[in-house]
Amino acid sequence: WRALLLYAIVVAIIRLVVRGSIVQAHPWLMNAADLVGAGLFLVVMLAFRYGPSEGFSLLRPKFHKTLADFSFSLYSIHMPILIFARAAVSSLMGEDWATQLATPGNYAVGFSVMGIAIVSGYLFSRVTEAKTGAARRKLRALLDKWWAPTPPIPAQQPVPAQQARQRIEA
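Okay, here's the thing in structure tokens:
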């Protein structure tokens with residue numbers, strides 16, 4: 344947790360200090376701040392990976408698998424939701440509302456749309472990705488039935504004629 348706390352503090356300081364007239368006077372400071380932020384982010388990622396298992400329980404593989412199980416559905420469905428939300432916001436709040444400086448209302452709409460996209464992606468995955476294994480098995484069975492090469496039926500071989508039996512008389 345210390346790595347995450349250190350990262351949050353340093354990024355907050357960087358965001359407060361490296362701005363406006365300071366950046367204009369010392370442009371290299373922006374690159375240095377980015378480098379420090381990236382380095383500390385790397386420290387946080389290494390702490391997640393190699394840290395003790397009792398911390399960061401949200402970053403354990405079981406949680407990742409849960410998220411990965413609907414990642415493609417989320418990828419597929421998020422853009423139409425964002426486009427619809429942008430059109431709805433423009434219609435209700437005006438064209439310039441989405442491009443103005445962020446207010447709590449902007450954040451509320453943004454997080455609401457993000458939540459709607461995640462929940463919709465999950466629900467969409469229940470009717471698509473969750474059925475992938477069963478659909479794959481059925482398709483494989485169907486393809487095997489239709490296009491699997493049928494084993495060749497051996498041709499009837501002519502049976503050689505048997506020689507006439509001789510009758511032995513006693």
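Here the sequence shown is numbered in the numbering used here, starting from 344 and rising by one per residue.
All C-beta atoms in this analysis are idealised placements derived from N, C-alpha and C, irrespective of residue type, glycine included.
Discussion item. Just to confirm the assignment, what range does the alpha helix (DSSP H) spanning M487 have?
Written reply: First, the residue type needs correcting, since residue 487 is Asp and not Met in the sequence shown. Element bounds for D487: 475-490.
Discussion item. Would you call the stretch 375-392 in contact with the stretch 436-446, where contact means no fewer than 3 C-beta pairs closer than 8 Å?
Written reply: Verdict: no, contact absent.
Worksheet item: Just reading off the alpha helix (DSSP H) that V387 is part of, what are its end residues?
Response: 371-393 is the span of the alpha helix (DSSP H), which, as asked, contains V387.
Worksheet item: Is the beta carbon of A460 sitting closer than 8 Å to the one on H421?
Response: Contact flag set, yes.
Worksheet item: Three-state secondary structure (DSSP) at V353?
Response: For V353, the three-state secondary structure derived from DSSP is helix.
Practice prompt. Since I believe I424 is in contact with V456 (beta carbons under 8 Å), could you give me their beta-carbon distance rounded to a whole number of angstroms?
Written response: Contact between V456 and I424 is confirmed by a C-beta separation of about 7 Å, below the 8 Å threshold.
Practice prompt. Output the boundary residues of the alpha helix (DSSP H) element that contains L425.
Written response: For L425, the uninterrupted alpha helix (DSSP H) segment begins and ends at 414-436.
Discussion item. Once DSSP output is grouped into helix, strand and coil, what is the label at R358?
Written reply: Of the three classes helix, strand and coil, the one that applies to R358 here is helix, per DSSP.
Discussion item. Classify E512: buried if its beta carbon has 16 or more other beta carbons within 10 angstroms, exposed otherwise.
Written reply: When all chains shown are included, E512 counts as exposed.
Worksheet item: In chain order, what residues of the same chain have a beta carbon less than 6 Å from the beta carbon of Y450, not counting five sequence neighbours either side?
Response: No residues qualify anywhere along the chain.
Practice prompt. Reducing DSSP to helix, strand and coil, say where P501 ends up.
Written response: Look at P501 here: in three-state DSSP terms it is coil, with no helix or strand label.
Item to complete: Could you pull out every residue in the same chain whose Cβ sits closer than 8 Å to the Cβ of M388, ignoring the five residues on either side in sequence?
Response: Cβ neighbours of M388 beyond the five flanking positions: none.
Fill in: Sequence-distant residues of its chain with Cβ nearer than 7 Å to S468 (five each side left out)
Excluding positions up to five away in sequence, the list reads D412, F413, S416.
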